[in-house]
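**Student:**
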Amino acid sequence: MARISPLVVLPPAIFAGLAALMLWGMGRDEPNAIPSTMVGRDAPAVPQTGLPGKTQLTDEMLRQPGVKLVNFWASWCPPCRAEHPTLTELAKDIPVYGIDLKDPEANALTFLDEHGDLFHALATDPKGRGAIEWGVTAPPETFIIDGEGKVLYRHAGPLIREDYTKRFLPQLEQALSDQP
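First residue of the sequence shown: 423, per the working numbering; consecutive thereafter.
#1: Determine the DSSP secondary structure at L479, reduced to helix, strand or coil.
#2: Can you tell which of G472, G475, P561, V468 has the C-alpha that lies nearest to the C-alpha of M483?
#3: Out of S497, E563, P561, I566, which one is the CA nearest neighbour of G538?
#4: With burial defined as no fewer than 16 other Cβ atoms inside 10 Å of the residue's Cβ, what is the status of I426: buried or exposed?
#5: What number of angstroms, rounded off, separates the C-alpha of Q470 from the C-alpha of R589?
#6: DSSP three-state call for T564: helix, strand or coil?
#7: Report, in whole angstroms, the separation of the C-beta atoms of A597 and V489, which I expect to be a contact under 8 Å.
#8: May I have the straight-line CA-CA distance separating L512 from Q601, to the nearest angstrom?
#9: Suppose contacts are defined by Cβ-Cβ distances below 8 Å. Is P580 in contact with P501 by that definition?
#10: Decide if G472 is buried, meaning its Cβ has at least 16 other Cβ atoms within 10 Å, or exposed.
#11: By a C-beta neighbour count over all protein chains shown, 10 Å radius and 16 as the cutoff for buried, is G550 buried or exposed?
#12: Once the 5 residues before and after Y586 are set aside, which same chain residues still bring their CB inside 7 Å of it?
#13: By alpha-carbon positions, which one of R503, L544, L429 ends up nearest to V518?
#14: Alpha carbon to alpha carbon, how far is P434 from T459?
#15: May I ask which residues mark the beginning and end of the alpha helix (DSSP H) holding R503?
#16: Helix, strand or coil for A542 per DSSP?
#17: At which residues does the alpha helix (DSSP H) containing F494 begin and terminate?
#18: Which of helix, strand or coil does DSSP assign to D525?
#19: Would R576 pass as a contact of E555 if the rule is Cβ separation under 8 Å?
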């Protein structure tokens with residue numbers, strides 16, 4: 423009886439395992455979405471630093487009645503510039519709070535002067551510690567928060583085009599329809 427070498431069987435077995443893993447990944451609802459451990463939990467504390475002349479974002483604001491958004495942004499972030507008009511429109515109907523991430527104060531203020539300050543209140547996160555608590559990987563990231571301060575949804579990336587209309591907007595509409 424001939425014996426089969428493990429070196430002959432191992433490559434096809436590894437290939438079959440990888441193929442099965444990829445096939446499973448393609449069948450997920452949102453294969454590009456990075457899951458957030460924050461969804462369903464209380465929103466983490468917001469940084470207690472802010473920009474001069476701007477309303478300071480507080481934890482209490484996130485626990486006020488109604489749905490609201492928390493947007494992590496930075497002046498050095500091109501996608502943040504791209505989503506700014508969308509956030510400006512959203513801010514007409516819903517409170518949008520901003521957390522400026524790893525930005526020199528002067529740059530953040532210049533950005534807001536040039537593009538418009540849509541935020542109801544702001545915090546700054548100069549060292550990125552608050553972003554770590556929120557699970558932010560890179561700006562922009564936007565969180566939908568309910569009237570009790572719980573995270574309902576996390577959107578990584580700019581709120582533009584199909585990503586906005588097909589992924590973010592349905593989540594926002596659901597949150598708004600669920601509020602008392």
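Just so you know, even glycine gets a beta-carbon here, dropped at the ideal spot from N, CA and C.
**Tutor:** So, to answer that:
#1: coil
#2: V468
#3: S497
#4: exposed
#5: 31 Å
#6: strand
#7: 5 Å
#8: 17 Å
#9: yes
#10: buried
#11: exposed
#12: T508
#13: L544
#14: 36 Å
#15: 500-512
#16: Note that residue 542 is His in the sequence shown, not Ala. H542 falls in the coil class under three-state DSSP.
#17: Per DSSP, F494 belongs to no alpha helix (DSSP H); it is in the beta strand (DSSP E), 490-495.
#18: coil
#19: no
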